[in-house]
Amino acid sequence: MAETICTESDLQTYFQELKKHSVTYKLGQMQQQQTAGDEMQNPLQKQFGLVLGKIEEILIKSSKDSEEYVKLMSMKTSIIYEKAKILLAENLLPESLKLLEEALDLIKDLEEHPKIAFLHMRIVNHMTYVLSRLGQLDQAKEMLTKAIDNETKYNPEVYSTDDLFLNTKKDPKISEAKLTRLTINNLQMLAWIQAKMGNTEAHLKLQHEILQRQLDVAEGDVLRWAESCFRLANVFVNHGDFQNGVYHLIAAEEILNPLEVAVVPNLEVCAAQADLARSWVFYGLQLFEMSRKPKIPKDIEPENLEEGESSKPKTPTTTKQIYLFQGLKVEIPQNLTMTQIENKDQAQALFTNLHKWIKRARLFYTLRNYPLQYVNLCLDLSELYRFVSFYEEDIDSQYSVQKRRYDALETLSQILKEMRPTCYVMVNVELTRELIEVQMEMMNLNLKKLYSPTDELKTKGDKDSLKRQIDAFSNVHDQLENVASTLDMEVKKIIAETN
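Each position in the sequence shown, counted from 1, maps to that position plus 74 in my numbering.
As C-alpha cells, this is what we get:
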C-alpha cells in the first residue's frame, strides 16, 4: 500500500518536472542531440521517457478489469498525446501523426469508457487536423464524421491531463463547456474539410449546424455569433441561394438589434450593424445581377466570354431545404424579394430597401474615419442606380436614373478632391471609369431617343422638332468630346505616374 502511495506521488513529481521542461526545451532538437550519444539526450524527451516508464511499471502490476488500469491507460495515452501536441506546435506533422496514431491504438478497446471517451475525442480532433494539414482529407473526413455521429452515445468524464495527474477538482459547468467547445470544433473542422473537398452543400449545412449548437448552449460571444451568421448568409447568396441567405441575414439582425438599446453606442455593435448592412447590399447587388443576366443577349457583353465559369453569376435557385434555427424567431417580410426580379416595381422596391441599408452602413463607415469603405458604399449605390435604370420602361425614366447616378458620383469625386485628396488619388481611376460609363449610358439613351420615331415627327415634322433634334445632337457631340478629353487626360496621367 505504501508503495502505491509513493508511486502516485512520484508520478505527480515527474509530471510537474515534465511541465517545466516543456516550457524550456523543444522536442525538435531531439534528432540532432541523440546522434551525439545518450548523454546528450534532449531533456524534454528524457522527461517524457521517465513518466512513461513509471506508468508502465505500475501498469504491469494492475488488473485489466480494474478502474486503476483504466486510469493508468488514460495517463499513458495522455502523455503520448501531450508529446504529439508539442511536435504539432513545432510543425513536425509526420512525427506528431505517428504519436497520435499510437495513442489511439492504446485505447481502441476502451474508447467508449466514460474515463476514456473524452480523451479519445481530443486525440481524434488533433489527428484529423494533422491529417488535413498533410492533405489526407478523406481519412480526416471519415474520422470526424464517425466521431460526430458517436458523440451522443457516450457520457464522457471531462478532464485535462493536469486533472488526471494532479487530481484537481473539476467544475461541472467548465467541464460541460469544454465538451461543447470540442464538439463544435469538430464540426468546424469537418465543415472546413468539406469546403476544401468542394462539397459546398455539406459545408453550408455544417456551418448552419455549428450556429445552431452555439445558439442552443449560448456558447461564445453573441456579437461573434451574429457576424458568423451574416457571413454565412453571404456564402449562401454567392451560390445563388437567396432564401437561405435572407433567412440568415434576418436571423443576424434579430440578434444585433437588441444590442443597440444602450444609451452610449458600443463601437463593436455599430461595426457589426454596418457589416450586416453591407451584407444586405451584397445580397441585393447579386440578386440584381443574376436577374439581369438572362435578359441580356449574349453578344451584348462579349467580355464575359473571356471569364471563367466560376465568375458568371448563378441564376437564383429554388432552395431544396431551408436551414432554420430552432429557438430563434425569424420572420421574413412578405414583400422582400428572393426570386428573380421581373419588372420595374420589384426593382424599385428592392432599391428602396437597399438604399436604407447603405444609409445605415454610412453611419459607421464615414468619410472621416473609413474613407475607402465609404467610397465603396457610394460605388455600390452607383451599381444599384444602374440596375434600376435597366428595369425602367421608358427612355426618359432611364435617363433620369442615370442622371442621379452621375450626380452622386460627381459629388463624391468633388468631396474627395477637397476633403480627402489622398483617398481621391487611390480611387481616382475607378471613379473616372464609373463617370465615363454613366456618360456613355446617358449618350446612348439620347441617341435612342433621337432615332426612335415619334408621333410628332411622323405627322408634323415641324421646325421645333427639327431644332430639338439638332440641339440634342449637338449636346451628344459635346459630351463625346468631354469623354474623349477626360480619357486622354487620365491615360496621360497614368503613364506619367508609371514612368
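For every residue, glycine included, the Cβ atom is placed at its ideal position computed from N, Cα and C. It should be emphasised that the depicted structure is a prediction, and the values quoted were computed from it without experimental measurement.
{"Query": "Environment of N318 [buried if 16+ CB atoms lie within 10 Å]", "Result": "buried"}
{"Query": "Bounding residues of the alpha helix (DSSP H) (the contiguous stretch that carries K159)", "Result": "E141 to A163"}
{"Query": "K534 versus E515 - alpha carbon distance", "Result": "Summary for K534: the model assigns pLDDT 49, below 50, so the residue's position carries little reliability, and this model does not support an answer."}
{"Query": "Burial state of N409, where buried means 16 or more other Cβ atoms lie within 10 Å", "Result": "exposed"}
{"Query": "Own chain residues within Cβ distance below 7 Å of Q86, not counting five before or after", "Result": "F239 and L240"}
{"Query": "Extent of the continuous alpha helix (DSSP H) to which I258 belongs", "Result": "P246 to K270"}
{"Query": "Ordered list of alpha helix (DSSP H) runs contained in the segment 332 to 366, each at least 4 residues", "Result": "341 to 366"}
{"Query": "Given E492 as reference, the closest of L441, T506 and E511 once Cα atoms are compared", "Result": "L441"}
{"Query": "Sufficient close CB pairs (3 or more, under 8 Å) joining the segment 196 to 213 to the segment 168 to 177", "Result": "yes"}
{"Query": "Nearest residue (CA-CA) to Q420, options V449, R436 and S463", "Result": "S463"}
{"Query": "Burial state of Q262 (16 or more Cβ within 10 Å)", "Result": "exposed"}
{"Query": "Q513 vs Y480 beta-carbon contact at 8 Å", "Result": "yes"}
{"Query": "Contact between the segment 159 to 166 and the segment 215 to 231 (3+ Cβ pairs under 8 Å)", "Result": "no"}
{"Query": "Contiguous beta strand (DSSP E) assignments of at least 3 residues, all confined to the segment 410 to 472", "Result": "none"}
{"Query": "C-alpha gap between L184 and Y143, whole angstroms", "Result": "11 Å"}
{"Query": "Inter-residue CB distance, H282 and L306 (contact presumed, cutoff 8 Å)", "Result": "7 Å"}
{"Query": "Q288 beta carbon less than 8 Å from that of L280", "Result": "no"}
{"Query": "Minimum C-alpha distance to V28 - residue among N450, F192, E511 and L124", "Result": "The question about residue 28 has no answer, for the chain in this structure spans 75 to 573."}
{"Query": "Same chain, Cβ closer than 6 Å to A348, neighbours up to 5 away in sequence not counted", "Result": "A435, F438 and Y439"}
{"Query": "Three-pair Cβ contact test at 8 Å for the segment 246 to 256 versus the segment 298 to 317", "Result": "no"}
{"Query": "Exposure label - D315; buried when at least 16 CB within 10 Å", "Result": "buried"}
{"Query": "Contact check, Q472 vs L519, beta carbons under 8 Å", "Result": "yes"}
{"Query": "Own chain, CB closer than 6 Å to L92, minus 5 neighbours either side, in chain order", "Result": "Q121 and V125"}
{"Query": "K215 versus L208 - alpha carbon distance", "Result": "13 Å"}
{"Query": "Cβ shell of S456 (< 8 Å), same chain only, five flanking positions each side left out", "Result": "R479, A482, L483, E508 and V512"}
{"Query": "Nonlocal neighbours in the same chain, by C-beta distance under 6 Å from K157, ignoring five residues either side", "Result": "F122 and L173"}
{"Query": "Y498 versus E363, P445 and E467, residue with shortest Cα-Cα distance", "Result": "P445"}
{"Query": "Uninterrupted alpha helix (DSSP H) stretches inside the segment 189 to 247 (no shorter than 4 residues)", "Result": "211 to 224 and 235 to 240"}
{"Query": "Continuous alpha helix (DSSP H) stretch holding I284: start and end", "Result": "T274 to V291"}
{"Query": "Beta-carbon proximity of L428 to G358, cut-off 8 Å", "Result": "yes"}
{"Query": "Closest Cα partner of W431 within the set L402, A177, S353 and L264", "Result": "S353"}
{"Query": "Alpha-carbon to alpha-carbon, N259 and L505", "Result": "44 Å"}
{"Query": "Q395 (DSSP reduced to helix, strand or coil)", "Result": "coil"}
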